[in-house]
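Asker: Next up is a structure, given as structure tokens.
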Amino acid sequence: MLPLLLSPASLLIPLAPHAATTLLSSDPFSDPVFTGAAQASLHWNPAMTGIACYAAGMCMLTWWDEKVLPKLQRDGVLPYHSEEDRMIDTQKRRREAAAAARPLTPLTAARQPLASELDQGACHYIGTVDNVRQYVCVRHDDAIGDECELSDEFSEQYGMPVVICKKAEAGAEDFLP
Numbered sequence: 002m003l004p005l006l007l008s009p010a011s012l013l014i015p016l017a018p019h020a021a022t023t024l025l026s027s028d029p030f031s032d033p034v035f036t037g038a039a040q041a042s043l044h045w046n047p048a049m050t051g052i053a054c055y056a057a058g059m060c061m062l063t064w065w066d067e068k069v070l071p072k073l074q075r076d077g078v079l080p081y082h083s084e085e086d087r088m089i090d091t092q093k094r095r096r097e098a099a100a101a102a103r104p105l106t107p108l109t110a111a112r113q114p115l116a117s118e119l120d121q122g123a124c125h126y127i128g129t130v131d132n133v134r135q136y137v138c139v140r141h142d143d144a145i146g147d148e149c150e151l152s153d154e155f156s157e158q159y160g161m162p163v164v165i166c167k168k169a170e171a172g173a174e175d176f177l178p
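Under our numbering, the first residue of the sequence shown carries the number 2, and numbering increases by one thereafter.
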């Protein structure tokens with residue numbers, strides 16, 4: 002009987018009917034409640050995981066380059082890559098400041114040229130708002146440009162189509178929100 006108990010085949014047969022409960026009491030994590038938790042998670046193919054991580058990383062880098070980095074460079078926290086990049090950013094901010102400045106009207110203008118002084122293609126200074134110089138110009142062409150807009154008030158006053166052109170001075174970008 003001793004060889005039967007010590008043979009490898011006999012080791013697979015439980016010696017006592019309560020061996021399963023003995024094993025369970027010695028290792029509580031062998032319970033099916035704990036082994037089922039690992040099956041609940043999402044198991045992707047490793048290639049899909051890589052593609053998802055790559056896409057998320059590229060989205061974060063694009064957001065950093067377009068939103069965070071320019072603000073940190075303008076605030077002086079991070080340097081520009083080159084002097085040309087700084088100049089391009091400054092010009093862009095000045096164009097935005099010129100577009101955001103409210104246009105002057107005949108009532109709010111600091112100066113008003115006489116109707117006889119207005120001639121085709123010439124521009125006359127009428128005032129400054131938030132470091133944005135504004136000019137009244139007579140133009141009959143359709144290609145007015147981004148920095149100019151048709152003024153109904155001045156057109157009515159002078160009896161001809163008149164546009165207001167804006168040019169931002171240094172420091173105008175400081176007035177942007």
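For each residue, glycine too, the CB sits at the ideal point set by N, CA and C.
Which residue wins for smallest C-alpha separation from residue 1, given the options 110, 82, 102, 116?
Answerer: There is no way to answer for residue 1, as the model of the chain reaches only from 2 to 178.
Asker: Assuming contact is defined by CB atoms lying nearer than 8 Å, are residue 154 and residue 164 in contact in what I supplied?
Answerer: Their beta carbons are not under 8 Å apart, which means residue 154 does not touch residue 164 by this criterion.
Asker: Span of the alpha helix (DSSP H) holding residue 91?
Answerer: 84-101
Asker: By the three-class DSSP mapping on this structure, what secondary structure does residue 1 have?
Answerer: Since the first residue shown for the chain is 2 and the last is 178, residue 1 is missing from the structure and cannot be characterised.
Asker: In this structure, what does DSSP give as the bridge partners for residue 73?
Answerer: Its beta-bridge partners do not exist; DSSP assigns none.
Asker: Out of 130, 91, 95, point me to the one whose CA is closest to residue 109's CA.
Answerer: From the listed residues 130, 91, 95, the smallest Cα separation to residue 109 is found for 130.
Asker: Is it the case that the Cβ atoms of residue 140 and residue 127 are separated by a distance below 8 Å?
Answerer: In this structure, residue 127 does not lie closer than 8 Å to residue 140 by Cβ.
Asker: By DSSP's criteria, residue 169 is part of a beta bridge. Which residues make up the other side?
Answerer: 133
Asker: From the DSSP secondary-structure annotation, give me the bridge partner or partners of residue 125.
Answerer: 137
Asker: What residue does the beta strand (DSSP E) around residue 1 start on, and which one ends it?
Answerer: No answer is possible for residue 1: it lies beyond the span of the chain, which begins at 2 and ends at 178.
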